[in-house]
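Here is the structure we will look at, set down as structure tokens.
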Amino acid sequence: CIILLTNCNTNEENAIPSGYDDLYDLHSRDKGVITIGMPVFVFKLFIDRSNEQVKEAMEQIETIDLFIKEEAEDAFTDEVMRHFPSRTYKNLYGSNTDEAEIRLLVKEKKERVDELIMVANEKENKNLVIMRIGGDFNFKDIERLAEKIDVNDLVKYR
142 CIILLTNCNT NEENAIPSGY DDLYDLHSRD KGVITIGMPV FVFKLFIDRS NEQVKEAMEQ
202 IETIDLFIKE EAEDAFTDEV MRHFPSRTYK NLYGSNTDEA EIRLLVKEKK ERVDELIMVA
262 NEKENKNLVI MRIGGDFNFK DIERLAEKID VNDLVKYR
């Protein structure tokens, strides 16, 4: 089963072209694919906004997309990562824990970040979770958001 939460941004000129869009175009019509739009206000329900700086960072969010593939084969995970080439996406963070391998990638535009990609490959059940957050961020905003995002809570939304 593949679940895609798609971009809720209805203004085509504000759509953010990226490797995520290519990935979506390739797999959105696959058998077992579900697409759901995640409004920004729903995403905010999952984030602790008690910190004023986190609130400010959240105001920069324009779009949120979530892609989940249950029981992802290694070959599929490799294919997904090819959609985010290093010439376009900067690897900001990587972590390999007992539960998951997590990578944060950013797409910069004139010393600002207009796209954050979080890739979480869960080890136990082999779920592959890709979240794209689009907006106009500085690196401090990205740091504040990344600290507060719990991919498991977002997966439960589906």
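Each residue of the sequence shown is one higher than the last, beginning at 142 in the numbering used here. Yeah, the Cβ is synthetic: ideal placement off N, Cα and C, and Gly gets one too. This one's a predicted model, so the numbers in the text were calculated from it and none came from an experiment.
- Taking 3 residues as the shortest admissible run, the stretch 219-251 contains the following complete beta strand (DSSP E) segments, listed from N- to C-terminal end: 231-237 and 241-250.
- At a Cβ-Cβ threshold of 8 Å, Phe280 and Gln201 do not count as neighbours.
- Judged by their CB atoms, Leu257 and Leu269 are not nearer to each other than the 8 Å cut-off.
- Selection Ile271, Glu284, Arg285 and Gly276 evaluated against Met222 yields Ile271 as nearest (Cα-Cα).
- Residues of the same chain with a CB within less than 6 Å of the CB of Tyr234, apart from the 5 flanking positions on each side, are Leu245 in chain order.
- Annotated as proximal: Lys267 and Ala213, with beta-carbon spacing under 8 Å.
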